[in-house]
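Q: Per our numbering, residue 1050 is the first one in the sequence shown, and the count goes up by one each step. Beta carbons are placed, not taken as given, at the ideal position from N, Cα and C, and that holds for glycine. The structure presented is a predicted model; accordingly, all values stated were derived computationally and were not measured.
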Amino acid sequence: MTDGRPRRAIRSFVRREGRLTAAQGRAFTELWPRFGLDWTPGAPFDLAALFGNDRPVVLEIGFGNGESLATMAERDPERNWLGIEVHRPGIGHLLLEIERRGLSNLRLLCQDAVEVLRSGIVPGALDAVYLFFPDPWPKKRHHKRRILTQELVELLARAIRPGGIFHTATDWAPYAEQMLRVLEGAPHLFENTAGPGAYAPRPASRPPTKFERRGERLGHPVVDLVYRRR
1050 MTDGRPRRAI RSFVRREGRL TAAQGRAFTE LWPRFGLDWT PGAPFDLAAL
1100 FGNDRPVVLE IGFGNGESLA TMAERDPERN WLGIEVHRPG IGHLLLEIER
1150 RGLSNLRLLC QDAVEVLRSG IVPGALDAVY LFFPDPWPKK RHHKRRILTQ
1200 ELVELLARAI RPGGIFHTAT DWAPYAEQML RVLEGAPHLF ENTAGPGAYA
1250 PRPASRPPTK FERRGERLGH PVVDLVYRRR
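1. Using a Cβ-Cβ cut-off of 8 Å (strictly less than) and excluding sequence neighbours within five positions of residue 1137, which residues of its own chain qualify?
2. Give the straight-line distance between the Cα atoms of residue 1256 and residue 1108, rounded to the nearest whole angstrom.
3. What are the complete alpha helix (DSSP H) segments, minimum 4 residues, inside the stretch 1088-1148?
4. Can you tell me which of 1091, 1182, 1104 and 1165 puts its alpha carbon nearest to the alpha carbon of residue 1113?
5. For residue 1247, collect the residues of the same chain with a Cβ closer than 8 Å to its Cβ; drop the 5 residues on either side in sequence, then sort them by chain order.
6. Rounded to the nearest angstrom, what separates residue 1153 and residue 1236 at their Cα positions?
7. Under a three-way DSSP split, which group does residue 1216 fall into?
8. Roughly how many angstroms separate the alpha carbons of residue 1104 and residue 1190, rounded to a whole number?
9. Give a yes or no on whether the C-beta atoms belonging to residue 1157 and residue 1086 are separated by under 8 Å.
10. I'd like the span of the alpha helix (DSSP H) that includes residue 1201, first residue to last.
11. Whose C-beta lies closer than 7 Å to the C-beta of residue 1213 among residues of the same chain, with five residues either side of it excluded?
12. Let's see if you can read the secondary structure: which residues bound the alpha helix (DSSP H) around residue 1224?
13. According to DSSP, which residues form a beta bridge with residue 1085?
14. Excluding the 5 residues preceding and the 5 following residue 1173 in the sequence, name in chain order all residues of the same chain whose CB lies nearer than 6 Å to its CB.
15. Return the CA-CA distance between residue 1245 and residue 1080, expressed in angstroms with no decimal places.
16. Measure how close the beta-carbons of residue 1208 and residue 1170 come, nearest whole angstrom, since I'm counting them as under 8 Å.
17. May I ask whether a heavy atom of the ligand GTP can be found less than 7 Å away from the beta carbon of residue 1082?
18. Residue 1260 lies in the alpha helix (DSSP H); which residues open and close that run?
19. Rounded C-beta distance between residue 1215 and residue 1205? I'm assuming under 8 Å.
20. Less than 8 Å between C-beta atoms, sequence neighbours within five positions excluded: which residues of the same chain meet that for residue 1276?
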């Protein structure tokens, strides 16, 4: 605070609403009440009540159009899946996929993931958190917007149970290097499953995403980082 007014929080995303298709609009009207979660900041979720069972919960931050998240939820029905995204057309697309695939173990949020981790998830509630191909904000002046920071690592450590997994991936080499530095800087919180300072082999359980395929077409090498909560 420099002039008596609080600073605005720096966000890792910009809301670009885009235009909903007629089908996506229907999805919000008919499917959001069943699969979407309306959240009051500061109110922790009762995840067992939301899903109707006490199975492990996996959170994906920034699921894009949701194709890979729907695939993971379909392949792994013994876990519950929670997705966070701020792009409404992507949410609408995933709602339609939930309907098409008949999924019952997936719920969605249209919120700031950092805020949800800070006050919506009770300590140790998550089995894993996935962050696939976040915006790399490549311009130097925008690096402060990158989502993977020391603050986020601390929030992840609070939310993930001991032994749980944080898995991130990127096709932007400078961002991969920064991610590695940030995660390796918290050895008391997370252990690198590939060994200190190493990238992980791409897990077969991670479906390719639209952003990954685009990066590969551009010749960008894709790297995965997989860390276990201590």
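A: On the basis of the supplied data:
1. 1066, 1067, 1069, 1073, 1077 and 1159
2. 15 Å
3. 1096-1100 and 1116-1124
4. 1182
5. 1241
6. 36 Å
7. strand
8. 42 Å
9. yes
10. 1199-1208
11. 1175, 1176, 1177 and 1278
12. 1222-1233
13. 1157
14. 1210
15. 44 Å
16. 4 Å
17. Among the components of this structure there are no ligands whatsoever, and the ligand GTP is therefore not found.
18. 1259-1266
19. 5 Å
20. 1214, 1215, 1216, 1232, 1239, 1240, 1241 and 1242
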